[in-house]
Amino acid sequence: MDLHMVRKAKAYFDSREAERERRATREEIIGAIRAVDDSRLDTCAHRAQEQYRLLRKYQGFFYKRLYDVASLAVLVLRRADMLRGAAVSQGFPTPDESKAVYLGCSSNDGIMPQELAERYDIVREPFLVGRLLNSAVVGYWEESTADAKRSPFFRAQALVYLANVAHAIWAYSPAAIITTSESSFACSLITGLCRKAGVEHICIMHGEKLIQPGTAFFEVDTFYVWDGYYADLFASCGANVGRYIVSNPWTAQRCASDGDGRRLTYYLQLPPHDMRGFADMLGRFEAAGWRVKVRPHPSDIESGRYERYFDADQIEDGRKVGILDSIDGADMVVSQYSTVLFQAWSRGVAACIDDVSDPGLFENVVDKRFIMLEREHALLSGLLDGLS
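First residue of the sequence shown: 14, per my numbering; consecutive thereafter.
What follows is the structure, encoded as structure tokens:
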């Protein structure tokens with residue numbers, strides 16, 4: 014099957030699952046979190062299992078079966094590696110206090126906290142590429158997944174993540190492993206393995222967060238968050254974090270604006286359901302004297318759908334224009350629910366939440382405590398009313 018078709022199919026099923034999770038209310042999610050007995054949160058392995066169960070609660074039957082079948086294949090293919098690894102006895106290396114390994118999966122540039130960059134010589138390893146299995150890792154994996162024999166997806170993802178972290182530990186002997194894995198149920202297992210090795214597990218925030226299953230129960234030693242608001246949000250979701258450190262990477266002073274205060278950029282995460290209606294809505298701003306740009310998601314930039322409704326110079330290509338350069342070149346940043354709104358607010362650029370294009374999504378982010386509703390912002394409905 015063509016790889017492009019596989020990606021499109023995955024994107025389709027992922028969007029369906031996101032919609033399924035979106036229907037769960039904050040009250041329902043918090044209720045499910047509070048219903049978990051403390052005895053099920055006493056170890057990193059138990060926390061990982063509870064995060065996994067909560068995530069699976071909001072996944073469809075077909076989606077779960079699809080991932081389980083793929084995971085069984087991973088476990089079968091890795092069986093020989095596990096057997097060989099179990100026979101290799103290796104003691105944990107002595108950590109080099111000056112070194113850390115970054116295994117982040119984020120495409121956001123500049124999210125590494127300056128404090129970490131100054132403290133460590135940071136090795137950047139591709140996410141989930143390197144792997145190592147030895148008796149210590151296989152033993153920890155078997156111990157941590159013993160209660161999940163009938164959950165192939167849990168066991169397979171745990172194996173892949175732990176093998177990746179183990180490679181980093183034995184290859185570089187770091188004092189810290191830095192990840193962006195808090196939304197994965199493997200996060201707590203990484204913490205457990207790191208502790209066995211005498212290594213600190215540090216998470217750095219890399220994307221917008223709400224009250225949702227993916228933010229429940231995880232355990233890390235240190236978490237760098239963009240704002241203290243997120244620490245409260247994670248705590249309400251049952252996360253166990255040794256210490257939070259607030260570090261906002263977006264607060265650097267932007268270049269002085271040379272515009273007229275009427276440059277609006279709309280940042281899309283998904284294609285609009287009604288492209289004609291979307292174009293007409295932005296056309297109202299143009300008619301009122303605004304200079305309008307749209308920035309499609311990079312995965313959608315070559316779809317050709319935007320050229321039918323916008324001039325070429327109105328379509329911003331995220332592969333060519335960095336996100337901060339884009340924000341700094343705007344006077345008003347508009348999006349539905351995106352990190353770009355917090356980035357804009359952090360840099361002194363006006364942030365506007367789109368409450369018009371998808372009212373259901375807006376109600377959802379209100380319910381699940383979107384940070385920008387607590388920070389200075391405009392609502393698109395209000396701006397449109399002002400144009401009338």
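Every residue gets a Cβ at the ideal spot worked out from N, C-alpha and C, and that includes glycine.
All of these numbers come straight from a predicted model, not from anything done at the bench.
- In the three-state DSSP reduction, N261 falls in the coil class, being neither helix nor strand.
- Under DSSP, the beta-bridge partners assigned to M345 are L277, A363.
- Rounded to the nearest whole angstrom, the CA to CA distance from E320 to I328 is 8 Å.
- In this structure, M95 keeps its C-beta atom at 8 Å or more from the C-beta atom of V142.
- Here the segment 215-233 makes contact with the segment 190-197; the two share three or more CB pairs at distances below 8 Å.
- Boundaries of the beta strand (DSSP E) harbouring T192: 187-192, taken from the DSSP string.
- CA-to-CA, the gap between D326 and A301 works out to about 19 Å.
- For Y76, the enclosing alpha helix (DSSP H) starts and ends at 74-90.
- A buried status is given to R60, since no fewer than 16 other beta-carbon atoms sit within 10 Å of its beta-carbon.
- DSSP places L386 in the helix class (H, G or I) of the three-state scheme.
- Per DSSP, D398 lies in no beta strand (DSSP E) segment; the continuous alpha helix (DSSP H) that holds it begins and ends at 393-400.
- With contacts defined by Cβ atoms closer than 8 Å, S201 and F231 form a contacting pair.
- When DSSP assignments are scanned along the segment 299-332, the uninterrupted stretches of beta strand (DSSP E) that are 3 or more residues long and fall wholly within it turn out to be 304-308.
- In this structure R208 does not touch A176 by the C-beta definition: roughly 17 Å separates them, more than the 8 Å allowed.
- Within the same chain, Cβ atoms closer than 8 Å to the Cβ of A100 are found at S148, the five residues on either side in sequence being excluded.
- Taking all protein chains in view, the Cβ of H180 is crowded by 16 or more other Cβ atoms within 10 Å, so the residue is classified as buried.
- Unbroken beta strand (DSSP E) stretches of 3 residues or longer found wholly inside the segment 176-259: 187-192, 213-217, 232-238, 253-259, given in chain order.
- A direct Cα-Cα distance of roughly 14 Å separates L392 from L374.
- Proximity to D367 across I191, P285, I258 peaks at P285, based on C-alpha coordinates.
- A direct Cα-to-Cα measurement between A93 and A169 gives close to 14 Å.
- With respect to the 8 Å criterion, K77 and R66 are not classified as neighbours on the basis of their beta carbons.
- Between the segment 111-119 and the segment 181-190 there are three or more inter-stretch CB-CB distances shorter than 8 Å, so the stretches are counted as touching.
- In this chain, K112 is not harboured by any alpha helix (DSSP H); it is covered by the beta strand (DSSP E) spanning 109-115.
- Taking C-beta atoms under 8 Å as the contact rule, W239 and N261 qualify, at a distance of about 5 Å.
- By the Cβ neighbour-count rule, T204 is buried, with 16 or more other Cβ atoms within 10 Å of its own.
- Taking C-beta atoms as the reference points, R35 and G73 fail to come closer than 8 Å.
- Of all alpha-carbon atoms in A45, V378, Q127, the one lying nearest the alpha-carbon of V259 is that of Q127.
- Exclusion of the five residues before and after F140 leaves L116, G117, C118 as the residues of its chain whose Cβ lies within less than 7 Å of its Cβ.
- Membership of I135 in the beta strand (DSSP E) is indicated by the continuous run 134-137.
- The C-beta separation of S186 from Y279 comes to about 47 Å, leaving the pair out of contact by the 8 Å criterion.
- The beta carbon of S370 lies closer than 7 Å to those of P285, F291, Q349 in the same chain, with the five residues before and after it left out.
- Under the DSSP assignment, G373 falls in the alpha helix (DSSP H) whose first and last residues are 372-380.
- Membership of S157 in the alpha helix (DSSP H) is indicated by the continuous run 148-157.
- If the five residues before and after I135 are omitted, its C-beta is found closer than 6 Å to the C-beta atoms of A113, Y115, all from its own chain and listed in chain order.
- In this structure I336 touches Q356 by the C-beta definition: roughly 7 Å separates them, less than 8 Å.
- If the five residues before and after D380 are omitted, its C-beta is found closer than 7 Å to the C-beta atoms of T38, R39, all from its own chain and listed in chain order.
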